[in-house]
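Have a look at the structure below, then the notes.
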Amino acid sequence: MQKIFRLKSANHREKGMILKIFVVCGLLPIILSHICGCVPLLVGAGVATGYTLSNDAATGNVESEYRILWDLCMDKLEEMQVENLTVNESKGLLKAKISGNSVTIKINTINPKTQKLKVSARKYLLPKPQFAQRIFIKIVEELKW
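So the sequence shown is residues 1395 to 1539, counted in the working numbering.
Below, the structure written as structure tokens:
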């Protein structure tokens, strides 16, 4: 008789544990979004559908027309005081030297409103993904406004 009671008690504990996991994983993010506001959850949701960081590049799809993205990339590079700039607009290619880093920006059109943006950076032939990521984020954040 006691073994049966313990078994029921164990199932009750498991159900309680599942409920706690649901509350923590399911409801906590919703509660935090209401307390903190929705801004942190929505930042970047519309402009870039996410990006990947490879060994030397940050790549992502950007909701923008080609011309707008191209002009923005040019402006951002000029703001960063490039030492050497090579431009090939027909191929969507920008090459620059910034703080000793060789930076390459490549824009490929997916459709008229969506572009694939790839920013890669190297210094002394070594990949610098964090530097590429910083430039990528500066470009994407500017598109939001």
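In this text, a Cβ means the ideal position worked out from N, Cα and C, and glycines have one as well.
Count the other C-beta atoms from every protein chain shown that fall within 10 angstroms of the C-beta of G1454, then say buried if there are 16 or more, exposed otherwise.
buried
K1489 - containing beta strand (DSSP E), residue span
L1487 to I1492
When the Cα of V1476 is compared with those of N1482, L1463 and A1490, which residue comes out closest?
A1490
Going by beta-carbon coordinates alone, are N1495 and A1515 separated by less than 8 Å?
yes
Proximity below 8 Å, CB of N1478 to CB of P1523:
no
Take the Cβ of K1512 as the centre, count every other Cβ of all protein chains shown within 10 Å, and call the residue buried at 16 or more, exposed below.
buried
Local conformation of Q1509 per DSSP, three classes:
strand
Is the CB-CB distance between L1487 and C1467 below 8 Å?
no
Take D1465 as the anchor and find which of V1481, A1451 and S1493 has the nearest alpha-carbon.
V1481
With E1543 as the anchor, note down where its alpha helix (DSSP H) starts and where it stops.
Missing from the structure shown is residue 1543; the chain here goes from 1395 to 1539 and no further.
If you count every other CB in all the chains shown that lies within 10 Å of the CB of S1458, and 16 or more means buried, which is it?
buried
Relative to the C-alpha of K1507, which residue among A1451, K1500 and Y1460 is closest?
Y1460
Along the beta strand (DSSP E) that carries P1472, what are the first and last residues, could you check?
Looking at the sequence provided, one finds Glu at residue 1472 rather than Pro. It is not in any beta strand (DSSP E) - E1472 instead sits in the alpha helix (DSSP H) that spans Y1460 to E1473.
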